[in-house]
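Contents: one structure, followed by commentary.
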Amino acid sequence: MKKDTHLSLVRVIALTHLIPAGIYAQTTVLHYSVNDTDEATVTGGTVPGAGTSPDGTVAFGTLTLSDDVPTEGVPAESGNRSMVFSLTQAVNVPGTQQLSNEAVVEAGGFTYEIWFKWDGLGNLNALIDYAGTEKFRMNSSGILDFNFDSGSGPQELSTEVTVDEWHYAAIVFTHDGEPIDEVSLQISGTMTWYFDSNEPVDTVPVTKDDFGDSLNRTIAVGGHPLGFGADFVSGLIYEPRVSLGALEVNELLYGGSSGEELEISSLVYDANPADPTVSLTWNSRGGKNYVIEYSRDLNSWDEIDDAYPSGGDETTFSHHFLPDFEDLVGAERLFYRVGEAE
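The sequence shown begins at 56 in the numbering used here and counts up one residue at a time.
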């Protein structure tokens, strides 16, 4: 049976601990998607969030829309308008510390994605900027980089960005599984670049410190979250998305489907020795069936159910280890994924 390629992964560590184990799920921190019908809303200061994403607030300047949108790799259900940035606008998502080291460790990483069309102006062009530190940016020479502040510092993409052309760019930070360093307060892992494709361009080792966390700021699109003048973007931005979790290639927006992402929203482990159970809940569609699988190592997957019926807008499945999965009792770690069955 074929399975939908857009899968949601969840990791459960040390299931046998009596204290609730660390439970990790991919979540959307922000995803802005706009259409012609959103013109008044956007100029009024609110940018609609897609799927489970909250709406964004236009914190600086006035934002307008353009019918100039990319076509390469764009999901069919994406918006039909891009956002126009002219060195005075930034869109902030509600909250602070969304990408704190603690949150990133729990999620196993984070992912930035964006389509942009640069007009050749601006200094830093902060496309997506967490706290002013973990910054996806492009300098005035058209060099795209991702800054880890005083961690690994800027990591450059060797490809030079061309002016007045649409580009897709993404970085995936994958945490190495080690705890936060008690002295440096850093976390480490790898960063994978994607550019105009969902094929990886490069993977490099990186470290992320806690400076951005200590600033207690939010994430901005199109500029610095506090509106620093040198950081504003000049050009068009389309479908920016930030996810907690190191997305797989088939989960990236490029070449995918932009409807509401299938996400596991809740994962609860009951350590009762008489009936050890993992209960997982995801956003679903009525009338559909779902494939549920688990893995010990993310390489080989075993099927639990190949046609579990939808519960409507939300579905919950309970994976009882006894009696059929007795070998999972005491497992150091498990990974779960859910896909829509065809």
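By construction, the Cβ of each residue, glycine as well, lies at the ideal position given by its N, Cα and C atoms.
From a predicted model like this one, the values you see are computed outputs, not experimental measurements.
Compare the beta carbon distance of residue i and residue j with 7 Å and say whether it is the shorter of the two.
i, j, result
"Asp264", "Gln241", "yes"
"Glu161", "Leu120", "no"
"Ser298", "Gln81", "yes"
"Phe250", "Ile226", "no"
"Asn253", "Leu307", "yes"
"Tyr345", "Val288", "no"
"His279", "Asp184", "yes"
"Val102", "Val146", "yes"
"Arg296", "Glu168", "yes"
"Gly104", "Gln144", "no"
"Thr188", "Asp174", "no"
"Ser137", "Tyr391", "no"
"Thr262", "Gly206", "yes"
"Pro125", "Trp248", "no"
Which residues mark the beginning and the end of the beta strand (DSSP E) in which residue i is found?
i, result
"Leu322", "Ile319 to Asp325"
"Ala275", "Ile274 to Val276"
"Glu94", "It is not in any beta strand (DSSP E) - Glu94 instead sits in the alpha helix (DSSP H) that spans Glu94 to Thr98."
"Val288", "First-last for Val288: undefined, no H or E at that position."
"Gly111", "Gly111 to Phe115"
"Thr370", "Glu369 to His375"
"Ser137", "Ser137 to Ser141"
"Glu189", "Glu189 to Met193"
"Glu395", "Arg388 to Glu395"
"Thr82", "Thr82 to His86"
Count the other CB atoms within 10 Å of the CB of residue i; is the residue buried (16 or more) or exposed (fewer)?
i, result
"Tyr79", "Any reading at Tyr79 must be qualified, since the residue scores a pLDDT of 42, below 50, and its modelled position is unreliable; the value itself is stated next. Buried, since its Cβ has 16 or more Cβ neighbours within 10 Å."
"Pro260", "exposed"
"Gly10", "Residue numbering for the chain in the displayed model covers 56 to 397; residue 10 lies beyond these limits and cannot be assessed."
"Glu348", "buried"
"Asp473", "Residue 473 lies beyond the range of the chain shown here (56 to 397); nothing can be said about it."
"Ala285", "exposed"
"Gly341", "exposed"
"Ala131", "exposed"
"Ser373", "exposed"
"Asn180", "buried"
"Thr370", "buried"
"Thr166", "buried"
"Thr217", "exposed"
"Ser155", "buried"
"Pro75", "Confidence in Pro75 is poor, its pLDDT being 32 and thus under 50, which makes the residue's placement unreliable; the coordinate value appears in the next sentence. Answer is exposed; the Cβ neighbour count stays below 16."
"Val384", "exposed"
What residue range is occupied by the uninterrupted alpha helix (DSSP H) comprising residue i?
i, result
"Asp268", "Phe266 to Leu270"
"Glu168", "Taken as a continuous stretch (DSSP letters only), Glu168 belongs to no alpha helix (DSSP H), being part of the beta strand (DSSP E) at Gly164 to Trp173."
* Can you give, in chain order, each stretch of the beta strand (DSSP E) that sits fully within the segment 321-361 and has at least 3 residues? -> 332-338 and 344-350
* Just list the beta strand (DSSP E) runs in the segment 198-229, keeping only unbroken ones of 3 residues or longer that don't cross its boundaries, in chain order. => 198-203 and 210-215
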